[in-house]
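Participant: Quick one: the structure is below, questions incoming.
Residue numbers (the numbering used here): 1363 to 1612.
Quick look at the structure:
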């Protein structure tokens, strides 16, 4: 950490007109949530299913045997396909026979089929200060020492289901050689797992030439300067820094 602080200090004050007034390290809380999601497998509709849906759309059919005779296909295959289409609510049985549902018409037009899958467990990271949702990084983020002071402007926030679903839905879709996609459709549960603390390195700076005070904050989780934290600190403290300097000069 000390090597990083030295490197960042040189970067923050590389302009000879800039002076480091103060530097400090503190910890930023982020919350980890365990999430359960429902998923579907989306794939191109096969020829047999298309033919069956077209048949149900054009004629009144109640029995698998009728379709088997029409299409010259084994009745067992027809029965299995009908069961799958009923289970996924593409068709329903009424007095006249099987009929396409609104979902069935939509899928037939698009040429796709979706099949429900087993629920999946995932973990997300939520920063209330940033109002930001993210997936855990593969790289190790250093955990803040217990002795560090917490971020002085921390806030409490409530996670939003729709934001989590968007985050997970925006992941690159899974696929295999057969060309199907795995798509997130809903968040079924979201439970707080733990609170982690991210070390952040703050520099309070003064530019003599421009006569301005400003902050730079290095977020070790993102490994970058954090403008959100910088602006929050500046909005609350810059006037105090100026008064302190003027008092010291007098």
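Every residue, glycine too, gets a C-beta built ideally from N, C-alpha and C.
Quick check on residue 1389: does DSSP put it in helix, strand or coil?
Facilitator: Note: residue 1389 maps to strand in three-state DSSP.
Participant: Return the residue from the list 1425, 1379, 1588 that minimises the CA-CA distance to residue 1629.
Facilitator: Missing from the structure shown is residue 1629; the chain here goes from 1363 to 1612 and no further.
Participant: Using only alpha-carbon positions, find the residue among 1414, 1454, 1455 that is nearest to residue 1437.
Facilitator: Nearest C-alpha to residue 1437: 1414.
Participant: Return the CA-CA distance between residue 1614 and residue 1525, expressed in angstroms with no decimal places.
Facilitator: Outside the shown range of the chain, which is 1363 to 1612, sits residue 1614, and nothing can be said about it.
Participant: Figure out for me which residue from 1468, 1531, 1508, 1466 has the closest Cα to the Cα of residue 1495.
Facilitator: Nearest option by C-alpha distance: 1531.
Participant: Between the alpha carbons of residue 1448 and residue 1586, how many angstroms are there, rounded?
Facilitator: In a straight line, the C-alpha of residue 1448 is about 52 Å away from that of residue 1586.
Participant: According to DSSP, what are the bridge partners of residue 1484?
Facilitator: Note: residue 1484 sits in a beta bridge opposite 1397.
Participant: Going by beta-carbon coordinates alone, are residue 1398 and residue 1551 separated by less than 8 Å?
Facilitator: Taking 8 Å as the Cβ cut-off, residue 1398 and residue 1551 qualify as a contacting pair.
Participant: Any chance you could list the alpha helix (DSSP H) runs of at least 4 consecutive residues sitting entirely within the segment 1396-1430, in chain order?
Facilitator: Correct list: 1409-1420.
Participant: Distance check for residue 1555 and residue 1661, CA to CA, integer angstroms please.
Facilitator: Given a span of 1363 to 1612 for the chain in the structure shown, any question on residue 1661 remains unanswerable.
Participant: For residue 1468, which residues in the same chain have their Cβ closer than 6 Å to its Cβ, ignoring the five residues on either side in sequence?
Facilitator: No residues qualify anywhere along the chain.
Participant: According to DSSP, simplified to helix, strand and coil, what is residue 1586?
Facilitator: Here residue 1586 sits in strand by DSSP.
Participant: If you check the beta carbons only, do residue 1563 and residue 1382 fall under 8 Å apart?
Facilitator: Against a cut-off of 8 Å, the Cβ pair of residue 1382 and residue 1563 comes out as no contact.
Participant: Have a look at the DSSP bridge pairing and note the partners of residue 1581.
Facilitator: Its beta-bridge partners are 1562, 1586.
Participant: So, does the segment 1565-1577 touch the segment 1591-1607, judging by three or more C-beta pairs under 8 Å?
Facilitator: Contact between the segment 1565-1577 and the segment 1591-1607 is present, because at least three Cβ pairs lie under 8 Å.
Participant: Quick one, are the C-beta atoms of residue 1455 and residue 1418 less than 8 Å apart?
Facilitator: For residue 1455 and residue 1418, no; Cβs fall outside 8 Å.
Participant: Locate the alpha helix (DSSP H) running through residue 1494, then write down its first and last residues.
Facilitator: Element bounds for residue 1494: not the alpha helix (DSSP H) but the beta strand (DSSP E), 1494-1496.
Participant: Let me confirm a value: residue 1515 is counted as buried when at least 16 other C-beta atoms fall within 10 Å, else exposed. Which label applies?
Facilitator: By the neighbour-count rule (16 or more Cβ atoms within 10 Å), residue 1515 is not buried but exposed.
Participant: Can you tell me the Cα-Cα spacing of residue 1464 and residue 1395, whole angstroms?
Facilitator: Going by the C-alpha atoms only, they are around 36 Å apart.
Participant: Taking the alpha carbon of residue 1377 as the reference point, which residue from 1557, 1567, 1365, 1481 has its own alpha carbon closest?
Facilitator: Answer by Cα proximity: 1567.
Participant: Who are the near neighbours of residue 1412 in its chain, counting only those whose CB is closer than 8 Å to its CB and skipping five residues on each side?
Facilitator: Cβ within range, chain order: 1470, 1473.
Participant: Measuring CA to CA, which of 1375, 1390, 1588 is closest to residue 1518?
Facilitator: When only C-alpha atoms are compared, the closest one is 1390.
Participant: Round the Cβ separation of residue 1392 and residue 1513 to the nearest angstrom and send it over; I've been treating them as touching at under 8 Å.
Facilitator: Rounded, the Cβ-Cβ distance is 10 Å, inconsistent with contact.
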